[in-house]
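These notes concern the structure reproduced below.
2 protein chains.
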Amino acid sequence: MKVVKTIKEVRENVNTWKKEGQTVGFVPTMGYLHEGHGSLIKKAREENDKVVVSIFVNPMQFGPTEDLESYPRDLEKDSKFCESLGADLIFNPEPEEMYKDGFSSYVDMSVLTEELCGLSRPVHFRGVCTVVSKLFNIVNPDRAYFGQKDAQQLAIIKHMVQDLNFDIEVIGCPIVREEDGLAKSSRNTYLSAEERKAALILSRTVKLGREMLEAGETDADKIVEAMKKNIETEPLARIDYVKAVDGLTMQQIKKVQKPMLVAMAVYIGKTRLIDNTIWD
Amino acid sequence: MKVVKTIKEVRENVNTWKKEGQTVGFVPTMGYLHEGHGSLIKKAREENDKVVVSIFVNPMQFGPTEDLESYPRDLEKDSKFCESLGADLIFNPEPEEMYKDGFSSYVDMSVLTEELCGLSRPVHFRGVCTVVSKLFNIVNPDRAYFGQKDAQQLAIIKHMVQDLNFDIEVIGCPIVREEDGLAKSSRNTYLSAEERKAALILSRTVKLGREMLEAGETDADKIVEAMKKNIETEPLARIDYVKAVDGLTMQQIKKVQKPMLVAMAVYIGKTRLIDNTIWD
Numbered sequence: 001m002k003v004v005k006t007i008k009e010v011r012e013n014v015n016t017w018k019k020e021g022q023t024v025g026f027v028p029t030m031g032y033l034h035e036g037h038g039s040l041i042k043k044a045r046e047e048n049d050k051v052v053v054s055i056f057v058n059p060m061q062f063g064p065t066e067d068l069e070s071y072p073r074d075l076e077k078d079s080k081f082c083e084s085l086g087a088d089l090i091f092n093p094e095p096e097e098m099y100k101d102g103f104s105s106y107v108d109m110s111v112l113t114e115e116l117c118g119l120s121r122p123v124h125f126r127g128v129c130t131v132v133s134k135l136f137n138i139v140n141p142d143r144a145y146f147g148q149k150d151a152q153q154l155a156i157i158k159h160m161v162q163d164l165n166f167d168i169e170v171i172g173c174p175i176v177r178e179e180d181g182l183a184k185s186s187r188n189t190y191l192s193a194e195e196r197k198a199a200l201i202l203s204r205t206v207k208l209g210r211e212m213l214e215a216g217e218t219d220a221d222k223i224v225e226a227m228k229k230n231i232e233t234e235p236l237a238r239i240d241y242v243k244a245v246d247g248l249t250m251q252q253i254k255k256v257q258k259p260m261l262v263a264m265a266v267y268i269g270k271t272r273l274i275d276n277t278i279w280d
Numbered sequence: 281m282k283v284v285k286t287i288k289e290v291r292e293n294v295n296t297w298k299k300e301g302q303t304v305g306f307v308p309t310m311g312y313l314h315e316g317h318g319s320l321i322k323k324a325r326e327e328n329d330k331v332v333v334s335i336f337v338n339p340m341q342f343g344p345t346e347d348l349e350s351y352p353r354d355l356e357k358d359s360k361f362c363e364s365l366g367a368d369l370i371f372n373p374e375p376e377e378m379y380k381d382g383f384s385s386y387v388d389m390s391v392l393t394e395e396l397c398g399l400s401r402p403v404h405f406r407g408v409c410t411v412v413s414k415l416f417n418i419v420n421p422d423r424a425y426f427g428q429k430d431a432q433q434l435a436i437i438k439h440m441v442q443d444l445n446f447d448i449e450v451i452g453c454p455i456v457r458e459e460d461g462l463a464k465s466s467r468n469t470y471l472s473a474e475e476r477k478a479a480l481i482l483s484r485t486v487k488l489g490r491e492m493l494e495a496g497e498t499d500a501d502k503i504v505e506a507m508k509k510n511i512e513t514e515p516l517a518r519i520d521y522v523k524a525v526d527g528l529t530m531q532q533i534k535k536v537q538k539p540m541l542v543a544m545a546v547y548i549g550k551t552r553l554i555d556n557t558i559w560d
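The listed protein sequences derive, respectively, from chains A and B. Each residue of the first sequence is one higher than the one before, starting from 1 at the first, in the numbering used here. Each residue of the second sequence is one higher than the one before, starting from 281 at the first, in the numbering used here.
In structure tokens, the structure reads:
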């Protein structure tokens with residue numbers, strides 16, 4: 001497995017593979033990899049001849065008051081993890097390699113990006129769409145793998161790929177959870193022992209919503225209200241949002257439908273965590 | 281030469297060529313082709329194994345009061361012209377093939393797009409960047425050819441390709457003029473006989489600016505003022521803008537420099553025409 005820092009090196013490797021007729025699977029990440037990322041790399045490994053993982057904490061998708069500086073990084077551990085899963089290439093650029101002086105282009109979307117996380121993180125999805133477009137153009141993969149924990153991001157990337165005609169298959173993979181239910185996230189590392197316990201309110205609340213759906217509840221508002229009440233029982237938790245939205249358009253819905261996304265963002269102390277369930 | 285209407289057919293053709301190791305040159309156009317387009321197709325023919333021409337009047341780059349409906353179209357004549365120049369494939373999609381229901385992504389730029397034509401055509405360059413990104417992803421060319429008549433567009437596309445890491449070489453080709461100097465344009469067809477004569481004020485004024493530069497004038501404002509005065513001698517002409525800008529950033533400059541773009545947009549009757557000279 002190679003670790004490269006430049007766009008040129010990625011292209012050289014991928015062009016060689018493509019000339020040999022090999023397919024390329026791509027897993028874009030911000031590093032500090034966990035089993036959630038691992039499931040994406042494994043799936044990419046199964047479905048492609050070559051696997052590229054990018055590790056890049058993308059400044060453009062962080063707001064001015066967010067955790068860009070403190071976002072956890074451990075390239076050595078990440079490299080070993082990727083190698084153990086059979087990745088062929090890690091692309092780990094410096095910000096200057098991705099955003100040269102005078103950088104001023106962006107990719108964005110007039111729907112999907114405004115609801116849910118887009119409300120509290122207004123520049124976030126523009127940063128995501130732009131960096132993913134760049135990475136797609138650099139890596140030129142046949143397939144790209146994203147986690148369903150970031151369900152809105154996944155919907156946005158799928159829509160972007162369709163709108164802008166990227167010749168890439170986008171594959172979503174299920175949320176991977178800790179044994180006690182907490183969705184795996186690089187940001188879980190911010191949690192104190194006490195907060196780590198409190199953070200279980202997210203997965204427990206997702207489970208509550210899921211159970212109401214499975215019991216046949218058709219009123220989306222009732223589900224959301226029950227979920228909000230449940231989160232409010234946890235003193236360390238502060239709701240950013242809990243919402244039921246159309247699974248494709250991300251627009252809020254009143255009546256349960258398929259596909260539907262029930263998603264939440266909740267602060268545990270200063271750490272903003274997300275979780276969701278997809279009903280389809 | 282094939283003429284195809286679907287993205288799928290373009291991909292099938294290009295993928296076959298790429299597997300054979302053939303290079304692809306691409307000339308994106310809005311059709312109603314003239315010798316200006318011809319020069320791009322010829323250059324693409326010289327430099328690549330295969331040549332793709334797209335003919336698509338892109339609704340997204342027209343403002344609500346602009347000439348989308350009346351923009352001239354003649355696919356049969358265009359096809360013969362492309363074939364005579366050795367093109368291999370024309371891509372002539374319907375708007376519905378390019379913009380499916382729910383289309384909502386866009387590519388844009390926070391600089392370059394605001395000056396010159398961007399001032400009087402505020403949505404224009406977003407439409408251009410978006411459709412060119414789409415066409416690049418559909419055609420997957422090695423090289424793409426644009427005319428220097430649309431100098432700002434050329435600068436924007438070059439910048440976008442660099443920012444978003446399209447693996448495509450963008451090549452600008454000189455303005456092609458009628459014998460009397462008028463820059464070739466599909467919109468020249470709108471001109472009445474009287475307007476056609478009046479339209480010579482553009483190329484004559486560009487020539488005047490060029491002569492001042494060659495004579496060593498260093499004050500950009502003086503050149504622009506002399507050009508404006510010259511245009512005002514033509515009763516059928518109404519200035520949209522005449523400006524001297526940095527050749528890369530499109531920002532207005534006071535002192536002559538290289539590279540510099542001296543560009544104008546002038547209405548002749550209801551027809552908006554552009555012309556320019558590049559000083560480098």
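Cβ atoms here follow ideal geometry from the backbone N, Cα and C, with glycine treated the same way.
For residue i, which residues in chain B fall below 8 Å Cβ to Cβ?
i	result
Asn-188 of chain A	Under the 8 Å cutoff, chain B gives no residues; its nearest Cβ is about 32 Å from Asn-188 of chain A.
His-159 of chain A	Gly-382, Ser-384, Ser-385
Asp-74 of chain A	Result: empty, since nearest Cβ-Cβ is about 26 Å, beyond 8 Å.
Arg-11 of chain A	Asp-447
Can you give the beta carbon distance from residue i to residue j, rounded, assuming they're within the 8 Å contact cut?
i	j	result
Pro-259 of chain A	Leu-273 of chain A	That pair is no contact at about 23 Å.
Leu-444 of chain B	Lys-134 of chain A	6 Å
Gly-333 of chain B	Met-310 of chain B	Checking the sequence, you will find Val at residue 333 of chain B rather than Gly. Their Cβ separation, rounded to whole angstroms, is 11 Å, which puts Val-333 of chain B and Met-310 of chain B out of contact at 8 Å.
Thr-551 of chain B	Leu-471 of chain B	6 Å
Gly-25 of chain A	Asp-142 of chain A	7 Å
Leu-236 of chain A	Glu-178 of chain A	The Cβ separation is near 17 Å, so there is no contact.
Lys-429 of chain B	Gly-316 of chain B	6 Å
Pro-72 of chain A	Tyr-32 of chain A	4 Å
Val-419 of chain B	Asp-368 of chain B	That pair is no contact at about 11 Å.
Ala-543 of chain B	Leu-396 of chain B	6 Å
Leu-213 of chain A	Val-256 of chain A	7 Å
Lys-43 of chain A	Tyr-106 of chain A	No, Lys-43 of chain A and Tyr-106 of chain A are not in contact; Cβ-Cβ is about 29 Å, not under 8 Å.
Lys-254 of chain A	Asp-221 of chain A	6 Å
Pro-571 of chain B	Lys-285 of chain B	No answer is possible for residue 571 of chain B: it lies beyond the span of chain B, which begins at 281 and ends at 560.
Given that residue i touches chain A, what residues does it touch there, using C-beta distances under 8 Å?
i	result
Ile-287 of chain B	Asn-165
What residues of chain A sit near residue i, judged by a beta carbon separation below 7 Å?
i	result
Asn-510 of chain B	Those do not exist, as Asn-510 of chain B stays about 34 Å from chain A at its closest Cβ, beyond 7 Å.
Lys-414 of chain B	Leu-164, Asn-165
Ile-533 of chain B	By Cβ distance, chain A contributes nothing, its closest Cβ being about 16 Å from Ile-533 of chain B, past 7 Å.
Using a Cβ cut-off of 7 Å, pull out every chain B residue sitting near residue i, in sequence order please.
i	result
Val-111 of chain A	Ser-384
Measure from the alpha carbon of residue i to the alpha carbon of each residue in the options, then state which is nearest.
i	options	result
Gly-407 of chain B	B:Asp-422, B:Met-440, B:Gln-428	B:Met-440
Lys-228 of chain A	A:Asn-15, A:Asp-240, A:Ala-193, A:Val-170	A:Asp-240
Asn-276 of chain A	A:Arg-238, A:Arg-204, A:Glu-217	A:Arg-204
Glu-376 of chain B	B:Cys-409, B:Met-340, B:Leu-365	B:Met-340
Ile-321 of chain B	B:Cys-453, B:Glu-300, B:Met-378	B:Cys-453
Glu-346 of chain B	B:Ser-400, B:Val-450, B:Val-536	B:Ser-400
Tyr-547 of chain B	B:Glu-327, B:Lys-487, B:Arg-467, B:Glu-292	B:Arg-467
Thr-296 of chain B	B:Val-504, B:Ala-324, B:Asp-329	B:Asp-329
Gln-532 of chain B	B:Val-391, B:Ser-364, B:Cys-409	B:Val-391
Gly-382 of chain B	A:Ser-84, A:Ala-155, A:Gly-118	A:Ala-155
His-404 of chain B	B:Gln-432, B:Ser-384, B:Glu-497, B:Met-378	B:Gln-432
Val-412 of chain B	B:Leu-541, B:Ala-545, B:Val-307, B:Val-283	B:Val-307
Glu-340 of chain A	A:Ile-55, A:Gly-86, A:Val-14, A:Lys-77	Residue 340 of chain A cannot be examined here, being either before or after the span of chain A that is shown, 1 to 280.
Ile-287 of chain B	B:Thr-410, B:Thr-513, B:Glu-349, B:Phe-416	B:Phe-416
Gly-549 of chain B	B:Phe-361, B:Val-450, B:Lys-477	B:Lys-477
Asn-510 of chain B	B:Ser-350, B:Glu-497, B:Asp-499, B:Leu-480	B:Leu-480
Name the DSSP beta bridge partners of residue i, please?
i	result
Ala-199 of chain A	Beta-bridge pairing links Ala-199 of chain A to no other residue.
Ile-281 of chain B	Contrary to the premise, residue 281 of chain B reads as Met rather than Ile in this sequence. Bridge partners of Met-281 of chain B: none, in fact.
Asn-556 of chain B	B:Ala-543
Gly-172 of chain A	A:Phe-146
Thr-271 of chain A	A:Ile-268
Val-177 of chain A	At residue 177 of chain A the sequence reads Arg, which differs from the Val that was named. A:Ala-183, per the DSSP bridge assignment.
Chain A partners of residue i, CB-CB under 9 Å?
i	result
Ile-481 of chain B	Under the 9 Å cutoff, chain A gives no residues; its nearest Cβ is about 34 Å from Ile-481 of chain B.
Determine the chain B residues that contact residue i at a beta-carbon separation under 9 Å, and present them in chain order.
i	result
Ile-138 of chain A	Asn-445, Asp-447
Leu-108 of chain A	According to the sequence as given, residue 108 of chain A is Asp; it is not Leu. Residues of chain B passing the Cβ test: Ser-385, Tyr-386, Val-387, Asp-388.
Q: Would you mind listing the beta strand (DSSP E) stretches within the stretch 355-434 of chain B that are 3+ residues and don't spill past its ends, in chain order?
A: With a minimum length of 3 residues, the continuous beta strand (DSSP E) runs that stay inside the stretch 355-434 of chain B are 369-371, 385-389, 423-427.
Q. Residue ranges of each beta strand (DSSP E) run of no fewer than 3 residues wholly in the stretch 207-261 of chain A, ordered along the chain?
A. You should have 237-246.
**Q.** Runs of beta strand (DSSP E) wholly within the stretch 290-332 of chain B (minimum 3 residues, chain order)
**A.** As far as the stretch 290-332 of chain B is concerned, its whole beta strand (DSSP E) runs of at least 3 residues are 304-309.
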